[in-house]
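Protein chains: 2
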Amino acid sequence: MTATSGRVPVGERLPTLEDVARVAGVSRATVSRVVNGIRNVDPQLHTVVWDAVERTGYVPNRLARSLVTRRTGTIALVVSDSESHDDDPFMGRFFADPYFGRVVGGLMSVLRAAGIQLALQIVGTEQQRARLVGDLRHGQADGVVVLSLPAHDPLPRMLTDAGVPAVMIGRPADPVPINYVDLANDTGASLAADHLVGRGCQLVGMISGPADVPASSDRIAGFRRSMARHGHAWVPQAIGNFTQVSGEVAMRELLAAHPTLDGVFVANDLMALGALLALRAAGREVPGDVAVVGFDDSSAAVAANPALTTIRHPLEDMAAEAARLLMTRIDDATMRVSSVIYEPTLVRRESA
Amino acid sequence: MTATSGRVPVGERLPTLEDVARVAGVSRATVSRVVNGIRNVDPQLHTVVWDAVERTGYVPNRLARSLVTRRTGTIALVVSDSESHDDDPFMGRFFADPYFGRVVGGLMSVLRAAGIQLALQIVGTEQQRARLVGDLRHGQADGVVVLSLPAHDPLPRMLTDAGVPAVMIGRPADPVPINYVDLANDTGASLAADHLVGRGCQLVGMISGPADVPASSDRIAGFRRSMARHGHAWVPQAIGNFTQVSGEVAMRELLAAHPTLDGVFVANDLMALGALLALRAAGREVPGDVAVVGFDDSSAAVAANPALTTIRHPLEDMAAEAARLLMTRIDDATMRVSSVIYEPTLVRRESA
DNA sequence: GCGGTGTCGGAGAGCGCTCTCCAACCTGTG
DNA sequence: CACAGGTTGGAGAGCGCTCTCCGACACCGC
Chain F
1 MTATSGRVPV GERLPTLEDV ARVAGVSRAT VSRVVNGIRN VDPQLHTVVW
51 DAVERTGYVP NRLARSLVTR RTGTIALVVS DSESHDDDPF MGRFFADPYF
101 GRVVGGLMSV LRAAGIQLAL QIVGTEQQRA RLVGDLRHGQ ADGVVVLSLP
151 AHDPLPRMLT DAGVPAVMIG RPADPVPINY VDLANDTGAS LAADHLVGRG
201 CQLVGMISGP ADVPASSDRI AGFRRSMARH GHAWVPQAIG NFTQVSGEVA
251 MRELLAAHPT LDGVFVANDL MALGALLALR AAGREVPGDV AVVGFDDSSA
301 AVAANPALTT IRHPLEDMAA EAARLLMTRI DDATMRVSSV IYEPTLVRRE
351 SA
Chain Z
1 MTATSGRVPV GERLPTLEDV ARVAGVSRAT VSRVVNGIRN VDPQLHTVVW
51 DAVERTGYVP NRLARSLVTR RTGTIALVVS DSESHDDDPF MGRFFADPYF
101 GRVVGGLMSV LRAAGIQLAL QIVGTEQQRA RLVGDLRHGQ ADGVVVLSLP
151 AHDPLPRMLT DAGVPAVMIG RPADPVPINY VDLANDTGAS LAADHLVGRG
201 CQLVGMISGP ADVPASSDRI AGFRRSMARH GHAWVPQAIG NFTQVSGEVA
251 MRELLAAHPT LDGVFVANDL MALGALLALR AAGREVPGDV AVVGFDDSSA
301 AVAANPALTT IRHPLEDMAA EAARLLMTRI DDATMRVSSV IYEPTLVRRE
351 SA
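Just so you know, the protein sequences line up as chains F and Z, in that order. Note that the numbering used here has the first sequence beginning at 1, numbered continuously upward. Note that the numbering used here has the second sequence beginning at 1, numbered continuously upward.
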């Protein structure tokens with residue numbers, strides 16, 4: 001046993017278990033046990049080993065450890081995009097949208113405490129998807145959180161077929177036995193309808209997102225259903241793509257086709273911002289002439305003028321729940337497929 | 001050589017190089033060579049091997065490969081925070097801020113094309129920092145992009161001392177020989193001063209961020225210098241923390257202390273949004289009574305009412321450049337420390 | 001025909017760690 | 001005192017891959 005003093009350098013390379021073992025005068029296995037806090041090791045040896053760890057400046061090599069344990073302490077956040085190219089501006093928009101940041105924030109709030117890191121990956125092509133699944137089966141990451149954008153994304157199915165622990169944020173478009181966390185989008189839209197009708201609007205329109213993405217179609221369905229219940233069998237509708245500009249364009253269309261419009265439900269806040277611009281340009285007062293309800297309660301809603309009445313979407317909580325669900329699934333392979341649906345609420349501000 | 005047909009399953013586990021080698025009737029080394037496209041391998045064997053790869057459904061195990069090559073194809077994005085706790089709401093705000101998303105978007109635009117993934121890590125405590133550096137020295141990631149928040153962050157120094165390829169977005173607060181990409185913050189602030197004075201403002205104030213973070217102090221210095229050049233030796237100032245609410249509060253303070261204020265430079269758009277709110281509440285017209293210039297040209301600037309005149313901050317480009325710089329450094333350890341400074345421009349909209 | 005010069009493929013030694021044996025030892029009991 | 005039963009620590013076999021040697025063989029010129 002060496003004296004308890006001084007640093008023990010090991011040349012160029014980083015100290016390994018072997019080095020620590022030599023310094024401590026024990027075997028590699030024992031050091032491994034101590035470092036990982038496994039089984040009862042003689043308290044004396046325990047001290048000696050930690051001492052040697054200290055003196056050599058040993059840091060376990062995660063990679064080597066992962067290779068044998070098949071656990072990486074990493075969770076992949078996969079953004080599955082249909083076929084965008086590297087220079088497609090779409091991804092830029094996507095990341096700049098608060099949606100992405102809120103998801104990351106929610107995930108990190110849980111993962112950080114568990115010491116798990118998040119690996120971001122974007123897959124667009126079929127080849128990238130296949131490669132991703134291959135890597136995941138090899139244990140590149142312990143599990144994956146999927147943000148699926150395209151309408152008929154094959155990724156969720158590929159993931160479940162491969163047996164990779166996965167959870168989606170937002171339900172899959174096609175029925176796939178995968179865990180997911182979602183918002184009751186239809187209820188949210190319904191809340192918007194109730195509010196607009198409740199404040200006396202006579203002709204209420206809607207600016208929706210693309211009809212083939214689940215979150216969007218659920219909002220459309222929920223809104224229509226609720227409006228019908230209030231006696232409005234038909235609802236004027238224009239379609240955008242969730243960007244501010246598209247909302248502006250859609251609002252102009254709607255206004256041109258239905259000049260007497262006095263209320264509008266916009267499927268997300270960013271488009272609502274655009275709608276506000278178009279309404280102002282058309283000389284309409286909000287909410288005096290036209291009442292506007294958004295969706296998401298993103299930071300943009302408060303910043304808008306007038307501040308947006310909107311549907312609150314607890315995205316951070318949802319993402320955090322997704323992380324928890326995934327961690328549970330990772331630890332228990334027999335967990336049955338489950339989903340958690342969050343209820344939205346209406347946040348009343350100035351625009352309606 | 002086996003017949004070219006059918007799948008060759010290998011039981012439960014995933015196929016390894018060994019399996020492919022057996023099926024192809026060659027050695028492990030040869031398969032490795034073919035898969036990695038190394039050296040001249042007999043074209044015939046080449047075909048046979050790819051065939052075997054196809055039939056076994058072989059996918060290389062990244063982990064195992066990384067263990068020996070010491071290359072991971074991963075770059076870490078480290079958000080270095082001073083001492084926030086897991087339940088600190090600050091991180092939530094940080095991620096929801098478009099700043100984060102824009103950086104990620106810019107990085108990904110470059111990394112994605114290179115097939116590199118981004119691993120997100122937040123370090124707050126001293127222990128986490130030490131662990132991160134240890135992991136990085138072991139080649140957990142090939143390099144690291146640092147987003148350093150606290151004023152006197154020890155991380156940049158630790159990174160350079162450890163010899164880890166690193167690049168910062170925003171210059172380090174303390175002088176450290178580390179690569180970085182930054183904006184000429186002083187020039188930007190100077191642009192704002194010129195514009196406000198140019199439009200005839202007589203009493204111009206400033207809402208700045210904390211004085212001890214570089215980006216903020218540079219903006220303060222640049223603004224003051226330029227104002228002084230225009231004959232305004234002294235500038236009323238209030239301090240915020242880059243959030244909308246803090247901007248609102250600061251604006252109220254400024255207005256209370258200097259009721260005749262007719263122009264204000266706000267150090268970021270989010271605070272400018274808050275300032276707009278406070279001005280409206282105080283019954284001041286923008287830009288009629290008070291002209292407002294923001295900073296960042298974030299999406300909030302366009303959404304604001306009136307739309308914000310602001311300083312454009314090409315953050316995506318800067319992040320992309322950071323990624324390129326880092327990749328160069330990773331491939332060439334002898335690269336000398338370098339920095340790239342971007343020039344901001346003034347974007348004129350309605351608020352000034 | 002022979003040494004010299006290439007080219008190609010295989011053997012095998014790691015990369016740094018975990019974890020299953022198994023030997024050694026230390027109790028307590030009949 | 002012998003032996004079951006329970007610890008502890010070491011040896012060593014991998015995890016799946018890369019890459020350095022080195023042998024085998026083909027081709028060249030003299």
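Quick reminder that beta carbons are idealized off the backbone N, C-alpha and C, glycines included.
Residues of chain F with a CB under 9 Å from the CB of residue i: which are they?
i: T69/Z; result: Near T69/Z there are no residues of chain F at all, since even the closest Cβ is about 10 Å away, more than 9 Å.
i: V59/Z; result: A130, R131, V133, G134, D135, R137 and H138
For residue i and residue j, which I take to be in contact (beta-carbon distance under 8 Å), what is that distance rounded to the nearest angstrom?
i: G240/F; j: A256/F; result: In fact, because the Cβ distance is near 15 Å, the residues do not count as touching under 8 Å.
i: V302/Z; j: S351/Z; result: Their Cβ separation, rounded to whole angstroms, is 11 Å, which puts V302/Z and S351/Z out of contact at 8 Å.
i: A162/Z; j: Q117/F; result: Contact doesn't hold; Cβ gap of about 18 Å is too wide.
i: Q244/Z; j: L273/Z; result: 5 Å
i: R102/F; j: E316/F; result: 5 Å
Against chain Z, does residue i count as a neighbour if the rule is that its beta carbon must be under 8 Å from one of theirs?
i: H138/F; result: yes
i: P98/F; result: yes
i: V78/F; result: no
i: M158/F; result: no
Mind pulling the chain Z residues with CB within less than 8 Å of residue i?
i: T74/F; result: A119
i: M271/F; result: None at all; the shortest Cβ gap to chain Z is about 11 Å.
Who are the Cβ neighbours of residue i in its own chain at under 6 Å, not counting the five residues just before and after it?
i: M1/F; result: Residue confidence is low: M1/F scores 40 on pLDDT, short of 50, so the model does not pin down where it sits. Its coordinate-derived value is still stated next. Result list for M1/F: G25, in chain order.
i: D153/F; result: S80
i: Y58/F; result: P15 and V20
i: D87/Z; result: Below a pLDDT of 50, predicted positions are generally treated as unreliable, and D87/Z, at 49, falls in that range; the measurement from the model is reported next regardless. None.
i: D332/Z; result: none
i: P306/Z; result: V286, E350 and S351
i: M318/Z; result: V181 and Y342
i: R157/F; result: V176
i: V337/Z; result: P177 and N179
Please confirm whether residue i has its beta-carbon closer than 8 Å to some beta-carbon of chain F.
i: V249/Z; result: no
i: N305/Z; result: yes
i: R112/Z; result: yes
Which residues in chain Z have a C-beta closer than 7 Å to the C-beta of residue i? List them in chain order.
i: S299/F; result: A96
i: A354/F; result: Outside the displayed span of chain F (1 to 352) sits residue 354/F, for which this structure offers no information.
Can you pull the chain F neighbours of residue i, defined as C-beta to C-beta under 8 Å?
i: V213/Z; result: Under the 8 Å cutoff, chain F gives no residues; its nearest Cβ is about 20 Å from V213/Z.
i: M108/Z; result: M91, F95, L120 and I122
i: Q244/Z; result: S299, V302 and A303
What does a CB cutoff of less than 8 Å around residue i pick up in its chain, not counting 5 residues either side in sequence?
i: S299/F; result: P98
i: A64/F; result: none
i: G139/F; result: S66, R70, R71 and T72
Which same chain residues, not among the five before or five after residue i, have their C-beta less than 7 Å away from its C-beta?
i: T328/F; result: M335
i: A151/Z; result: A173, D212 and V213
i: R324/F; result: V110
Anything in chain Z within Cβ reach of residue i, meaning under 9 Å, just list it in chain order.
i: L14/F; result: G134, R137 and H138
In chain order, each beta strand (DSSP E) run of at least 3 residues that lies wholly inside the segment 83 to 140 of chain F: 117 to 123, all fully within the segment 83 to 140 of chain F.
4-residue-minimum alpha helix (DSSP H) runs that sit fully inside the segment 160 to 203 of chain F, ordered along the chain: The segment 160 to 203 of chain F contains these whole alpha helix (DSSP H) runs: 185 to 198.
Contiguous beta strand (DSSP E) assignments of at least 3 residues, all confined to the segment 241 to 283 of chain F: If we require 3 residues or more, the beta strand (DSSP E) runs fully inside the segment 241 to 283 of chain F come out as 263 to 266.
Inside the segment 216 to 242 of chain F only - beta strand (DSSP E) runs reaching at least 3 residues: With a minimum length of 3 residues, the continuous beta strand (DSSP E) runs that stay inside the segment 216 to 242 of chain F are 237 to 239.
Ranges of the beta strand (DSSP E) found wholly within the segment 43 to 83 of chain F, counting only runs of at least 3: Qualifying beta strand (DSSP E) stretches, in chain order: 74 to 80.
Uninterrupted alpha helix (DSSP H) stretches inside the segment 278 to 335 of chain Z (no shorter than 4 residues): Taking 4 residues as the minimum length, the alpha helix (DSSP H) runs contained wholly in the segment 278 to 335 of chain Z are 299 to 303 and 315 to 331, in order along the chain.
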